[in-house]
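Residue 666 in our numbering sits at position 215 of the sequence shown; the count goes up by one each step and never skips. Backbone N, C-alpha and C fix where the C-beta goes; we use that ideal spot for every residue, glycine too. A quick note: this is a predicted structure, and the numbers were derived from the prediction, not measured. Read the structure below first, then the notes.
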Amino acid sequence: MFLLRSCRPTTIIAQSASLSSNAPRQLRPRGRRGTTTTAIPSNAAYFAYSQSKVFTRELMQRFGVDSSLEDAMLVLSSGTKPKTRKLDQKKRKQLAALYFEHVAGIVCAFPEAAEASVIITKVEVSQTFKELKVYWQAFGDMRDVKAKETLEALAPAVRKQLSDALFHSNVPPVVFAADREHLMLTEMNELFASADYGMQYRALSRTGAVLGSAKDCGAPTEEKVAKIPRFVLAQREKRAAKLKLLQEIKEKNAKEDAAHAEGGRSEVH
452 MFLLRSCRPT
462 TIIAQSASLS
472 SNAPRQLRPR
482 GRRGTTTTAI
492 PSNAAYFAYS
502 QSKVFTRELM
512 QRFGVDSSLE
522 DAMLVLSSGT
532 KPKTRKLDQK
542 KRKQLAALYF
552 EHVAGIVCAF
562 PEAAEASVII
572 TKVEVSQTFK
582 ELKVYWQAFG
592 DMRDVKAKET
602 LEALAPAVRK
612 QLSDALFHSN
622 VPPVVFAADR
632 EHLMLTEMNE
642 LFASADYGMQ
652 YRALSRTGAV
662 LGSAKDCGAP
672 TEEKVAKIPR
682 FVLAQREKRA
692 AKLKLLQEIK
702 EKNAKEDAAH
712 AEGGRSEVH
């Protein structure tokens with residue numbers, strides 16, 4: 452039963468390869484030669500011919516081999532060999548790259564992994580092909596516990612989907628491991644910065660808190676008042692002086708009117 456499962460995808464791939472080899476080859480266009488870099492009606496034939504060659508060349512190149520059939524043969528042959536066989540460094544690197552292309556999308560498709568903000572960083576294949584170690588980016592806090600529990604629960608489902616995506620091949624058990632490399636790099640950068648530039652003086656004194664940089668604030672500072680331009684202050688002073696002058700004129704006129712009114716009343720009496 453195992454032999455049938457392992458041989459069936461290879462037969463299908465071989466048949467598809469033979470069909471593609473018997474397909475008619477695209478011929479070079481005839482007639483007046485046009486440019487192959489501009490997609491205009493007069494150069495459409497040459498442009499399409501050039502693009503087809505470039506697409507085929509880029510699609511078939513991987514790890515130094517010129518056929519995507521090699522990827523399928525590598526994946527299928529790795530699980531059918533005896534358990535005592537050891538993979539060399541080149542095949543381990545190739546398998547890790549092939550598995551990484553699929554496992555990152557498979558893990559991120561699960562809602563549980565998306566809620567835990569899981570990011571897959573790299574994949575390693577053991578030398579004896581007994582486990583597939585998938586590294587995820589650690590946070591360095593309590594979120595790592597939740598992410599670890601979530602990934603351990605999803606490991607069987609990830610292994611099944613990975614096998615389905617790679618021609619139903621034999622995939623070793625998936626083991627998730629935390630990748631703390633970036634945490635160590637961040638800590639080392641902070642230590643080097645402290646050694647090169649010394650301790651930040653802002654958190655040591657009130658003067659440092661006032662004059663230091665905003666990035667390393669150690670003590671709360673007073674809110675800065677927005678600086679008003681001089682021409683705005685001059686306009687405000689002129690406007691205030693004009694309003695004061697108008698107010699004085701109004702008060703003076705009111706007093707004169709009151710005096711005239713009192714004089715008229717005395718003359719009448």
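| Whole-angstrom distance between Phe551 and Leu525, CA atom to CA atom | Walking along the sequence shown from the start, residue 525 turns up at place 74. Walking along the sequence shown from the start, residue 551 turns up at place 100. The straight-line gap from Cα to Cα measures roughly 15 angstroms.
| request: Could you spell out where the beta strand (DSSP E) holding Thr572 opens and where it closes? | output: For the purposes of this step, residue 572 is taken as residue 121 along the sequence shown, with counting starting at 1. Start and end: 571–576.
| said: Under DSSP, the beta strand (DSSP E) around Lys584 begins and ends at which residues? | reply: Counting from one through the sequence shown, the residue named residue 584 turns up at place 133. 583–588 is the span of the beta strand (DSSP E), which, as asked, contains Lys584.
| request: Sort Glu699, Lys706, Ile571 by Cα distance to Ala548 and report the nearest one. | output: Here residue 548 refers to the residue found at position 97 of the sequence shown. Closest by alpha carbon: Ile571.
| Using the C-alpha atoms, what's the distance from Ala685 back to Lys695? | Taking the first residue of the sequence shown as 1, we reach residue 695 at position 244. Taking the first residue of the sequence shown as 1, we reach residue 685 at position 234. Rounded to whole angstroms, Lys695 to Ala685 spans 15 angstroms at the Cα level.
| Going by beta carbon distance, what residues of the same chain come within less than 7 angstroms of Glu702, once the five residues before and after it are set aside? | Taking the sequence shown and counting its residues from 1, the one referred to as residue 702 is at position 251. Counting only Cβ-Cβ distances below 7 angstroms, and skipping sequence neighbours, we find nothing.
| query | So Val569 packs on Trp587, CB below 8 angstroms; how close in whole Å? | reply | Here residue 569 corresponds to residue number 118 of the sequence shown, with the count starting at 1. Here residue 587 corresponds to residue number 136 of the sequence shown, with the count starting at 1. That pair is a contact at about 5 angstroms.
| alpha helix (DSSP H) segment containing Asp647, residue limits | Start at 1 with the first residue of the sequence shown, and residue 647 comes out as number 196. Per DSSP, Asp647 belongs to the alpha helix (DSSP H) from 632–648.
| message | I'd like the list of long-range same chain contacts for Pro623, defined as Cβ closer than 6 angstroms, with 5 residues on each side in sequence excluded. | response | Here residue 623 refers to the residue found at position 172 when the sequence shown is read from its first residue. Around Pro623: Phe580, Lys581, Glu582, Leu583.
| Given Gln612, which residues of its chain have a CB within under 7 angstroms of its CB, disregarding the five upstream and five downstream residues? | Counting from one through the sequence shown, the residue named residue 612 turns up at place 161. Taken in chain order, the residues that qualify are Ile557.
| request: Tell me whether the beta-carbon of Lys597 lies closer than 8 angstroms to the beta-carbon of Ala567. | output: In the sequence shown, the residue the question calls residue 597 occupies position 146. In the sequence shown, the residue the question calls residue 567 occupies position 116. The answer is yes: Cβ separation under 8 angstroms.
| field | Straight-line gap, Glu600 to Phe498 (C-alpha atoms, nearest Å) | value | Translated into the one-based positions of the sequence shown, residue 600 becomes position 149. Translated into the one-based positions of the sequence shown, residue 498 becomes position 47. Looking at the two C-alpha atoms, the distance is approximately 53 angstroms.
| request: On a CA-only basis, which of Phe618, Ser620, Val576, Asn621 is nearest Ala628? Give me that one, please. | output: The residue you call residue 628 lines up with position 177 of the sequence shown. Checking every option, the nearest Cα to that of Ala628 belongs to Val576.
| said: Helix, strand or coil, according to DSSP, for Val609 in the structure here? | reply: The residue labelled residue 609 in the question sits at position 158 within the sequence shown. It is helical.
| query | Which residues does DSSP pair with Val554 in a beta bridge? | reply | Along the sequence shown, one-based indexing puts residue 554 at 103. Partner(s): none; Val554 has no beta bridge.
| With 16 other CB atoms within 10 Å as the buried threshold, where does Leu602 fall? | In the sequence shown, counting from the first residue as 1, residue 602 sits at position 151. Looking at its Cβ environment, which holds 16 or more other Cβ atoms inside 10 Å, Leu602 is buried.
| field | Nearest-angstrom Cα separation, counted from Leu527 out to Thr591 | value | By 1-based counting over the sequence shown, the position of residue 591 is 140. By 1-based counting over the sequence shown, the position of residue 527 is 76. Reading off the sequence, residue 591 comes out as Gly, not Thr. Answer to the nearest angstrom: the Cα atoms are 38 angstroms apart.
| query | When you compare only the Cα positions, how much space is there between Phe618 and His553? | reply | Residue numbering aside, residue 618 sits at position 167 when the sequence shown is read from its first letter. Residue numbering aside, residue 553 sits at position 102 when the sequence shown is read from its first letter. Their backbone Cα atoms lie some 12 angstroms apart in a straight line.
| said: Measuring only the C-alpha atoms, how far is Asp539 from Leu546? | reply: Mapped onto the sequence shown, residue 539 falls at position 88. Mapped onto the sequence shown, residue 546 falls at position 95. Taken atom to atom, the span from the alpha-carbon of Asp539 to that of Leu546 is near 11 angstroms.
| Would Val683 be called buried (16 or more neighbouring beta carbons within 10 Å of its own) or exposed? | The residue labelled residue 683 in the question sits at position 232 within the sequence shown. So Val683 counts as exposed.
| query | What is the rounded straight-line gap between the Cα of Ile700 and the Cα of Ala710? | reply | Within the sequence shown, residue 700 is the residue found at index 249, counting from 1. Within the sequence shown, residue 710 is the residue found at index 259, counting from 1. Those two C-alpha atoms are separated by around 15 angstroms.
| task | Would you mind giving the Cβ-Cβ distance between Ala765 and Asp595, rounded to the nearest angstrom? I have them listed as a contact below 8 angstroms. | result | What is shown of the chain runs 452 to 720, which leaves residue 765 out entirely.
| message | Just to confirm my understanding: we take Met639, look at its own chain, exclude 5 residues before and 5 after, and list those with CB closer than 7 angstroms. What are they? | response | Translated into positions along the sequence shown, residue 639 becomes position 188. Excluding residues within five positions, none has a Cβ falling inside 7 angstroms.
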